[in-house]
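Quick notes on the structure that follows.
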Amino acid sequence: MSHPLLDLHPDVARALGEGRPVVALESTIVSHGMPWPRNLETALAVEAEVRAHGAVPATIAVLDGRLKAGLAPGEIERIARAGPQMAKASRRDLPLLVSRGGSGATTVAGTMIVAALAGIRVFATGGIGGVHRGAETSFDISADLQELARTPVAVVCAGPKSILDLGLTLEYLETHGVPVLGYRTDRLPDFFSRESPFGVDARLDEPTDIARVMHAQWSLGLTGGLVIANPVPAEHAMPREVIDRAITQALADARAQGVAGKALTPFLLERINALTGGSSLAANIALVLNNARLAAQVASAYARLGPA
Ligand code: PSU
Ligand code: MN
Numbered sequence: 068m069s070h071p072l073l074d075l076h077p078d079v080a081r082a083l084g085e086g087r088p089v090v091a092l093e094s095t096i097v098s099h100g101m102p103w104p105r106n107l108e109t110a111l112a113v114e115a116e117v118r119a120h121g122a123v124p125a126t127i128a129v130l131d132g133r134l135k136a137g138l139a140p141g142e143i144e145r146i147a148r149a150g151p152q153m154a155k156a157s158r159r160d161l162p163l164l165v166s167r168g169g170s171g172a173t174t175v176a177g178t179m180i181v182a183a184l185a186g187i188r189v190f191a192t193g194g195i196g197g198v199h200r201g202a203e204t205s206f207d208i209s210a211d212l213q214e215l216a217r218t219p220v221a222v223v224c225a226g227p228k229s230i231l232d233l234g235l236t237l238e239y240l241e242t243h244g245v246p247v248l249g250y251r252t253d254r255l256p257d258f259f260s261r262e263s264p265f266g267v268d269a270r271l272d273e274p275t276d277i278a279r280v281m282h283a284q285w286s287l288g289l290t291g292g293l294v295i296a297n298p299v300p301a302e303h304a305m306p307r308e309v310i311d312r313a314i315t316q317a318l319a320d321a322r323a324q325g326v327a328g329k330a331l332t333p334f335l336l337e338r339i340n341a342l343t344g345g346s347s348l349a350a351n352i353a354l355v356l357n358n359a360r361l362a363a364q365v366a367s368a369y370a371r372l373g374p375a
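Each residue of the sequence shown is one higher than the one before, starting from 68 at the first, in my numbering.
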């Protein structure tokens with residue numbers, strides 16, 4: 068699909084025109100989710116993983132006022148080098164960046180919006196935003212959830228990170244009619260570990276089964292997205308006590324320093340990386356690659372089903 072504010076990378080435009088599989092990738096994970104230079108290495112490796120599994124990667128961002136679906140390596144490097152200096156672009160930030168000619172790295176919500184404009188239906192990331200712990204007083208609920216409620220893109224992730232309130236996140240998704248599908252699991256993975264105390268709506272064991280649910284959802288005119296929860300590979304899962312201790316400490320630090328709003332999630336991610344001495348970074352990289360692979364398989368299966 069073309070839009071006057073959107074630039075499609077030529078490879079992405081060609082694949083979409085020919086009905087071949089494309090996988091959207093977010094850029095906040097590059098700017099705010101990982102430190103330089105591992106962020107650049109990972110972003111390039113994730114693109115390669117998508118290609119190796121038969122799909123075309125479309126990393127999404129806003130650069131100099133233009134929405135971009137598919138970046139050149141130099142553009143990914145620009146975002147990676149800028150790190151947290153780059154604006155974090157969710158739904159409410161897009162109009163400001165576009166009107167000012169600004170640049171921003173897109174969150175899950177921002178990426179879904181641009182992917183949908185481009186006609187891309189599958190998106191791979193690490194973890195989604197959700198309902199924060201204490202949201203009953205802070206009202207901090209990620210715009211990612213509202214986007215999943217309204218925008219037709221399937222998001223492959225390793226589950227919501229347990230910095231969030233997983234139970235409330237699932238309640239929100241249920242209220243808004245967003246299916247939460249477990250890939251080869253009955254339990255909701257919580258990013259660093261393969262299982263949380265919560266279940267998923269359905270377990271699906273093959274990418275084709277997932278593609279069929281997407282196709283049915285959109286054929287029915289149900290316009291929102293889906294969560295495809297793919298557990299971290301077993302060899303990279305982190306011991307529950309280690310990660311719980313880091314999360315408790317990170318949340319206490321955020322409270323003590325009065326961190327809130329859009330700064331909260333990046334602050335918690337960075338603190339957890341620091342407190343776990345880099346082992347959480349290794350897990351993060353492994354699970355993003357794992358999600359890129361599944362997303363490429365789902366996009367391929369979805370492309371075979373034809374338009375919904
Ligand atoms: N959770 C993670 N890793 C991430 C993010 C969340 O485990 O990188 C990023 C994603 O870009 C997500 C955003 O869309 O944080 C959510 O931010 P907020 O809670 O401010 O909506
Ligand atoms: Mn928030």
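All C-beta atoms, glycine included, are put in the ideal place defined by N, C-alpha and C. Note that this is a predicted model, so its numbers are computed, not measured.
- Within the same chain, Pro88, Val90, Val117, His120, Gly121, Ala122 come within 7 Å of Ala363 by CB-CB distance, once the 5 residues on both sides are set aside.
- Those residues that bring their Cβ nearer than 5 Å to a heavy atom of the ligand PSU are Thr95, Ile96, Gly100, Thr174, Val175, Gly193, Gly194, Gly196, Ser209, Asp211, Lys228, Lys329, Thr332.
- Put simply, the backbone Cα of Ala269 is about 5 Å away from that of Leu248.
- Shown here for Ala375: same chain residues with a beta carbon closer than 6 Å to its own, the five before and five after excluded, namely His282, Trp285, Ser286 in chain order.
- Taking 8 Å as the cut-off, the Cβ atoms of Val294 and Cys224 count as close.
- By the Cβ test, the stretch 350-365 is not in contact with the stretch 73-87, since fewer than three Cβ pairs between them sit closer than 8 Å.
- Between the stretch 127-142 and the stretch 239-254, the count of C-beta pairs closer than 8 Å stays below three; the two stretches do not touch.
- The C-beta separation of His76 from Ala125 comes to about 7 Å, placing the pair in contact by the 8 Å criterion.
- Between Gly226 and Gly291, the gap from beta carbon to beta carbon reaches 8 Å or more.
- Using a 10 angstroms sphere on the CB of His303, the tally of other CB atoms reaches 16 or more, which defines it as buried.
- Note on geometry: alpha-carbon atoms of His199 and Gly86 lie some 38 Å from one another.
- Gly234 and Trp103 have their C-alpha atoms roughly 33 Å apart.
- The ligand MN approaches Asp207 closely enough that one of its heavy atoms is under 7 Å from the residue's Cβ.
- The beta carbon of Asp131 sits closer than 7 Å to those of Gly168, Ser170, all from its chain and outside the five residues before and after it, given in chain order.
- Of the residues assessed, Phe206 falls on the exposed side of the cut-off, its CB having fewer than 16 other CB atoms within 10 angstroms.
- Excluding the 5 residues flanking it on each side, Lys228 has same chain C-beta neighbours closer than 6 Å at Gly194, Phe258, in chain order.
- In the structure shown, Leu255 adopts coil according to DSSP, grouped into three states.
- With contacts defined by Cβ atoms closer than 8 Å, Asp232 and Thr174 do not form a contacting pair.
- A contact between stretches requires three or more CB pairs, one per stretch, nearer than 8 Å, and the stretch 215-222 meets this requirement with the stretch 177-189.
- Under DSSP, the beta-bridge partners assigned to Ala172 are Ala128, Lys155.
- Distance from the Cα of Arg133 is smallest, within the candidate group Leu348, Ala110, Leu164, for Leu164.
- Between Arg159 and the set Phe334, Leu72, Lys329, the nearest pair of CA atoms involves Lys329.
- For the pair Ala368 and Thr275, the CB atoms are nearer than the 8 Å cut-off.
- If you draw a straight line from the Cα of Leu184 to the Cα of Arg307, it comes to about 39 Å.
- With contacts defined by Cβ atoms closer than 8 Å, Ile339 and Ala313 form a contacting pair.
- Under the three-state reduction of DSSP output, Lys135 falls in the strand class.
- Counting along the chain, no beta strand (DSSP E) covers Asp320; the unbroken alpha helix (DSSP H) around it starts and ends at 307-323.
- When only Cα atoms are considered, Pro246 and Val267 end up about 9 Å apart.
- A distance below 7 Å between beta-carbons, with the five flanking residues on each side excluded, links Ile146 to the following residues of its chain, in chain order: Ser94, Val97, Ser98, Ala128, Met153, Ala172.
- Look at Ile295 here: in three-state DSSP terms it is strand.
- Secondary structure of His199 (DSSP, three-state): strand.
- Ala221 carries a strand assignment under DSSP once its states are collapsed to helix, strand and coil.
- By alpha-carbon distance to Leu72, the top candidate from Leu161, Thr218, Glu337, Glu214 is Leu161.
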